[in-house]
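Visitor: Converting from the sequence shown to our numbering requires adding 23 to each position, the first position being numbered 1.
Below: one structure in structure tokens.
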Amino acid sequence: MAEGIQVTQNSKNGKIETTAILARKEVVLCGGAMNSPRLLELSAIGDGNLLKKLGIDVVQDNPHVGENLQNHV
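Here's what the structure looks like:
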């Protein structure tokens, strides 16, 4: 479980600044149509059988994650 992130960036005066961004509640991550299912599976949410085969401990078994992906040209 993540509680926040740490961001490092160049400031206007040329120095490197590091900022911590903490979450007070839930955080929703989205990677678009292609990367959201991947993000869920890497977070141990998806087809339990597939995740176990890949050595990922299952948090939520949902065999529908990423299964209806369609390429729209």
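Every residue, glycine too, gets a C-beta built ideally from N, C-alpha and C.
Just so you know, these numbers come straight off a predicted model, no measurement behind them.
Which same chain residues, not among the five before or five after valine 81, have their C-beta less than 6 Å away from its C-beta?
Guide: Counted from its first residue, the sequence shown places residue 81 at position 58. Taken in chain order, the residues that qualify are Ala67, Gly71, Leu74.
Visitor: Between the beta-carbon of leucine 45 and the beta-carbon of leucine 52, is there less than 9 Å?
Guide: For the purposes of this step, residue 45 is identified with residue 22 of the sequence shown, where counting begins at 1. For the purposes of this step, residue 52 is identified with residue 29 of the sequence shown, where counting begins at 1. No, these two residues do not count as a Cβ contact at 9 Å.
Visitor: Quick check on glycine 37: buried or exposed, where buried means 16 or more other Cβ atoms within 10 Å of its Cβ?
Guide: Residue numbering aside, residue 37 sits at position 14 when the sequence shown is read from its first letter. Answer is exposed; the Cβ neighbour count stays below 16.
Visitor: Answer with buried or exposed for valine 88, where buried requires no fewer than 16 other C-beta atoms within 10 angstroms of its C-beta.
Guide: As a position in the sequence shown, residue 88 is number 65, starting the count at 1. By the 10 Å Cβ count, valine 88 comes out buried.
Visitor: For the alpha helix (DSSP H) containing glycine 89, name the first residue and the last one.
Guide: In the sequence shown, residue 89 corresponds to position 66, counting from 1. Element bounds for glycine 89: n/a, residue is neither H nor E.
Visitor: From the DSSP output, in three-state form, read off asparagine 33 for me.
Guide: Position 10 of the sequence shown, counted from the start, is the residue given in the question as residue 33. DSSP places asparagine 33 within a strand segment (E or B) once states are collapsed to three.
Visitor: Where does the unbroken alpha helix (DSSP H) through alanine 56 begin, and where does it stop?
Guide: Here residue 56 corresponds to residue number 33 of the sequence shown, with the count starting at 1. Element bounds for alanine 56: 55-65.
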